[in-house]
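Residue numbers (our numbering): 21 to 113.
Using N, Cα and C, we set each Cβ at its ideal position, and we do this for glycine too.
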């Protein structure tokens, strides 16, 4: 990944260094956290829509679900996942 970044930076971006710090510090934990976040964006977008695109209602529902035991939280979020998207079929463990 770092080699690909260096090649892209050199060949396509004219040496642009804007992402150097991120690539210098990235590790498997950071990539895993980003992947977990990316996999759940769609479900949270659908939850936001279900709450009438109202941030106060959305945040209240997220806080309510956050307080649930994991199994109940997973069940509550399951209705917002898109079963046609593999990455949305379950929460990361």
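Would you decide whether residue 113 is buried or exposed? Buried here means 16 or more other CB atoms lie within 10 Å of its CB.
Bear in mind that a pLDDT of 49 at residue 113, under 50, signals an unreliable position, so the number given afterwards is only what the model happens to contain. Answer is exposed; the Cβ neighbour count stays below 16.
Given a cut-off of 9 Å, decide if residue 62 and residue 102 are closer than it, judged by their beta-carbon atoms.
Yes. Within cutoff.
May I ask which residues mark the beginning and end of the alpha helix (DSSP H) holding residue 29?
Per DSSP, residue 29 belongs to the alpha helix (DSSP H) from 22-31.
Within the same chain, show all residues whose beta-carbon is closer than 7 Å to that of residue 71, passing over the 5 residues directly before and after it, in chain order.
Apart from sequence neighbours up to five positions away, the residues of its chain that approach residue 71 with a beta-carbon distance below 7 Å are 77, 78, 81, ordered along the chain.
Residue 59 (DSSP reduced to helix, strand or coil)
Helix, per DSSP.
Buried or exposed: where does residue 28 fall if 16 or more other Cβ atoms within 10 Å of its Cβ makes it buried?
Looking at its Cβ environment, which holds fewer than 16 other Cβ atoms inside 10 Å, residue 28 is exposed.
For residue 52, which three-state DSSP category applies?
Residue 52: helix per DSSP, three-state reduction.
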